[in-house]
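Residue 2 in this note's numbering sits at position 16 of the sequence shown, with consecutive numbering throughout. Just so you know, even glycine gets a beta-carbon here, dropped at the ideal spot from N, CA and C.
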Amino acid sequence: MEHELEVIDRTVAKTYEWLHRVASEGNLEDLHRAYQVLRAVLQALRDRLTPDVAAHMAAQLPLLVRGIFFEGWVPAKTPQRLSVSDLLARVEKDAGLKGTSEAEDATRAVLAVCWDELGDGTIEHLMSILPSDFALLF
């Protein structure tokens, strides 16, 4: 007998919605690329944040996106003092992008989706915690 779980169906649908939006915002060719970009940006941002702030942000993410966010996390090694250029270099490498410009576009696409989905309060809080030069990414 097959039983479906509504919470799982909802989070799968919501995750696909996020991936489609990242693909659209970032002019990415497919969902696989959108997944690589979403993962790279969320994990780089996560590692820049303190564990408390990262956990607070993660609590607002859809369940599967939260799993992507936390995958491989070592809280004892955070926060990492990444500058904007360090963060973009990491996104470029982890997402397999070509150059800082692509990494910047990808990061802006993910953060635009986060802003829409998580709301002004969460993003403004992140912006208040991060150095002021990170504002150019939001």
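In whole angstroms, give me the CA-to-CA distance for E126 and L50.
An answer regarding residue 126 cannot be provided, because it is not within the stretch -13 to 124 covered by the chain.
If we ignore side chains and look at the alpha-carbon of each, how far apart do A81 and R25 end up?
When rounded, the distance between both Cα atoms is 8 Å.
My understanding is that V96 touches V27, with C-beta atoms under 8 Å, so please give their C-beta distance in whole angstroms.
Contact flag correct, Cβ pair sits at about 4 Å.
Since I believe W59 is in contact with R34 (beta carbons under 8 Å), could you give me their beta-carbon distance rounded to a whole number of angstroms?
Going by Cβ atoms, the distance from R34 to W59 rounds to 12 Å, so no, they are not a contact pair.
Please look up how many angstroms separate the CB atoms of I109 and F124, rounded, as I've assumed it's under 8 Å.
At roughly 6 Å, the Cβ-Cβ gap stays under 8 Å, so I109 and F124 are in contact.
Closer than 8 Å is the cut-off here; do at least three beta carbon pairs connect the region 4 to 21 with the region 98 to 116?
Touching, yes, given that three or more Cβ pairs across the two stretches are closer than 8 Å.
Nearest-angstrom Cα distance between I115 and D38?
Cα to Cα, I115 sits roughly 12 Å from D38.
Check this for me: beta carbons of A30 and L73, under 8 Å apart or not?
The answer is yes: Cβ separation under 8 Å.
Can you list, in chain order, the residues of its chain with a C-beta nearer than 8 Å to that of T86? Leave out the 5 residues immediately preceding and following it.
Counting only Cβ-Cβ distances below 8 Å, and skipping sequence neighbours, we find S71, L74, A75 and E78.
Give the single residue among G53, R52, T36 and R(-4) whose Cα lies nearest to the Cα of Q66.
It is T36 whose Cα lies nearest to the Cα of Q66.
State the Cα-Cα distance for the pair E15 and A9, rounded to the nearest angstrom.
One C-alpha to the other measures close to 7 Å.
I'd like the list of long-range same chain contacts for E57, defined as Cβ closer than 8 Å, with 5 residues on each side in sequence excluded.
Closer than 8 Å at the Cβ level, and outside the excluded window around E57, lie R25 and Q29.
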